[in-house]
Structure formats: C-alpha cells, structure tokens
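Contents: one structure, followed by commentary.
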Amino acid sequence: MKQRHNQLAEMLAQLRRELPLKRPVILRVVPMKDYGSCSLSDSEKHLTICIRSTDSAETQADSLLHEYAHAMDLDINGNHSKQWGKLYSQVYGTWCKHNA
Numbered sequence: 265m266k267q268r269h270n271q272l273a274e275m276l277a278q279l280r281r282e283l284p285l286k287r288p289v290i291l292r293v294v295p296m297k298d299y300g301s302c303s304l305s306d307s308e309k310h311l312t313i314c315i316r317s318t319d320s321a322e323t324q325a326d327s328l329l330h331e332y333a334h335a336m337d338l339d340i341n342g343n344h345s346k347q348w349g350k351l352y353s354q355v356y357g358t359w360c361k362h363n364a
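Encoded structure:
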C-alpha cells in the first residue's frame, strides 16, 4: 500500500511540474465512500486531495487526475466552476502526453 501511495505522490509531483498551482497540495490516501475529493483549507493556504485507499492502482490514478482538475479549478476560480471540464481535459491530456 505504501508503494502505491509513493506512485501517487510521484504522479502528483509530475502534475505539479507540468501544471503548477499557486497553493501546495496535500495528498491523502484514506478509507472513504467516494473515489476522491478535493478541498481548499479553511485558511485557503493549501489544497487537500483525498483518494480512496481501497481502490485499484488504476482507479486511484484516474481519481487523482480527476481531483487535480478540481484542485486547479479551486486554485484559479475558488470553486467548482464551468471551467472544470476544460481543466480536466488539460490534466488528462498532459498526463497522457508524458506517460503514453
């Protein structure tokens, strides 16, 4: 399980290099009902991405891409905006370009 968390952390680091954000991102792999979540801290100083710990490595990777798009949206717009779909497309395209 630790190896999988390390793989997700490396994936997040690559996304941060390719699609940088103004705020730091904390990654947590935890038991949860949903596939993932993204939230802005109360102080608005960082973003937290949570990924469900019981999912397969492939599902976790897909969830991280999805949640990183939410992180971009929160970082840029402060909420879940209509731009999210375009941001997700950008995240997915960037990931595929460098990892196909």
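If you read the sequence shown in this note's numbering, its first letter stands for residue 265, the second for the next number, and so on.
Note that CB positions come from ideal geometry on N, CA and C, so glycine has one too.
Assuming residue i contacts residue j (C-beta within less than 8 Å), just tell me the rounded distance between them.
| i | j | result |
| --- | --- | --- |
| Ala321 | Gln271 | 7 Å |
| Ile290 | His310 | 6 Å |
| Thr358 | Leu285 | Wrong, their Cβ atoms sit about 13 Å apart, outside the cutoff. |
Candidates the options: which alpha carbon is nearest residue i's?
| i | options | result |
| --- | --- | --- |
| Arg292 | Ser305, Asp306, Leu283 and Ile315 | Ile315 |
| Ile313 | Val294, Ser307 and Arg268 | Val294 |
| Lys297 | Arg287, Ser305 and Ser327 | Ser327 |
| Ala273 | Gln324, Thr318, Gln354 and Asp319 | Gln324 |
| Val355 | Asn343, Lys346 and Asp337 | Asp337 |
| Gly342 | His269, Ser307 and Ser317 | Ser307 |
Check your understanding: Should the stretch 329 to 338 be called in touch with the stretch 293 to 301, which here means at least 3 C-beta pairs below 8 Å?
Key -> yes
Check your understanding: Is the stretch 355 to 362 touching the stretch 277 to 297 in the sense that three or more CB pairs, one from each, lie closer than 8 Å?
Key -> yes
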